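Heads up: the structure comes next, in structure tokens.
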Amino acid sequence: MHKKIFLVTGVAGFIASKVAALLLADGHRVIGLDNFEDHYRRLKEYRLDWVSKQAGAENFSYLHKSVGDRNALENIFISEKIDAVIHLAARAGVRQSLEEPAAYMETNASFFFVLLEAMHRHGVAKLVLASTSSMYAGQSAPFSEDLPADKPLSPYAVSKRAAELAAYNYHKLYDFDVAILRYFTVFGPAGRPDMSVFRFIQDICLARPIRIFGDGKQVRDFTYVDDIARGTVAAAVTPSGFEIINLGGGSPMMLNDMIAGIERVLKKKAERIFVAAHAADMEATGADISKAARLLAWRPMVAADEALRATVCWHLKNHAWITQEGL
């Protein structure tokens, strides 16, 4: 395989750190970019340190910069012959986006245009863009990629749809080769603390009640982070033209069943507090992943029980520091 140079944005993030490690293990060079936004900073430091200890890490370099920093991007594209960009930097979180909608649009859409323009100026035309199953609000699962994506329930979904449209625009105008990956409820070790699986494990470990929005019967297509990272790397090395591709676990389950699985691994029962369903939450998600199988030869490999056990074990191993303030 021809070794390439990849720019991975948001490299201290949950998914991006795994993607960087896989690329390094394959012998590629990775330029990582991350502005280390203050949310769960210590966890990002943990991930970045983890990447630096992986196979092939001598081919890894990191810049503490924002995707919206035009000068930083200019310097990267001048000094490195970038073959492809894997754009994973974003403000994530459905509910948080209702608190800061303008900030989400700036980071996820406006800053993305800065990156697209830098790519265009320097002749870099291969792009992988991380998107979300939130695009399918108002549709019936399982979701296929040709369904309309015009009923967003949150500013987060609006901002990610804007990014999708921007990527399509640069494909049409400048012949960018684009793979848009719609991820479905990603979880795993060192995940985002605001995600349900992380919160449930942490609260049960600390004997705190867990808070469930709705009745717990909402369905999610939980997808293990290692599978997501493999699919992302596959998209980065596969010509796409322009494609939107679902990456999902393929076996959706109720939230109550996920909680029961955590209880089994921890051998502890959760005290459950049910609160009103959130207007920005989807009732059910489920991915049609046949396109990923066809175009990327990808399917999820890690069984749900195995993925959940690995996630819980990581929490137990790192329990002391992840329960401290300022995560």
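The sequence shown begins at -16 in the working numbering and counts up by one. From the three backbone atoms N, C-alpha and C, an ideal C-beta is built for every residue, glycine too. Remember, it's a predicted structure, so these values are computed and weren't measured experimentally.
Measuring alpha carbon to alpha carbon, tell me which residue in Gly171, Arg78, Gly174 is nearest Ala140. Arg78
Checklist entry - If we ignore side chains and look at the alpha-carbon of each, how far apart do Phe126 and Arg165 end up? => result 11 Å
Quiz item: Do you know how far the Cα of Val107 is from the Cα of Asp240?
Solution: 44 Å
Helix, strand or coil for Tyr119? Go by DSSP, reduced to three states.
helix
Where Arg203 and Ser62 are concerned, what is the direct C-alpha to C-alpha distance, given to the nearest angstrom? 43 Å
**Request:** Could you work out which residue in Lys36, Phe43, Leu71, Phe(-3) is closest to Val50 when comparing CA atoms only?
**Result:** Leu71
_Helix, strand or coil at Glu63 according to DSSP, with G and I counted as helix_ = coil
query = Thinking C-beta only, is Leu291 closer than 8 Å to Gly244?
reply = yes
(Q) By the DSSP assignment, the alpha helix (DSSP H) with Gly171 in it spans what residues? (A) Premise fails: Gly171 is in no alpha helix (DSSP H) and is neither H nor E.
Classify His11: buried if its beta carbon has 16 or more other beta carbons within 10 angstroms, exposed otherwise.
buried
Hey, is Thr(-8) close to the ligand SAM, as in C-beta under 7 Å from one of its heavy atoms?
You won't find the ligand SAM in this model; it holds no ligand whatsoever.
Just how far apart, CA to CA, sit Ile242 and Val180?
-> 8 Å
Using three-state DSSP, classify Arg175 as helix, strand or coil. coil
- Item | Expected contact under 8 Å - CB spacing of Ala55 and Arg74 to nearest Å | Not confirmed; about 18 Å, so no contact.
Quiz item: Which residues mark the beginning and the end of the alpha helix (DSSP H) in which Gly230 is found?
Solution: Residue 230 is actually Leu in this sequence, not Gly. Per DSSP, Leu230 belongs to no alpha helix (DSSP H); it is in the beta strand (DSSP E), 225 to 230.
- Query: In three-state DSSP terms, what is His302?
  - Reply: helix
> So what's Val68 in DSSP terms, helix, strand or just coil?
Replying inline: strand
Going by the DSSP bridge assignment, what does Ser234 pair with across the sheet? Ser234 is not bridged to any residue.
* Asked: In terms of residues, what are the limits of the alpha helix (DSSP H) holding Ser142?
  -> 138 to 157
Where Phe167 and Val(-6) are concerned, what is the direct C-alpha to C-alpha distance, given to the nearest angstrom? 19 Å
Should the stretch 111 to 122 be called in touch with the stretch 131 to 149, which here means at least 3 C-beta pairs below 8 Å? yes
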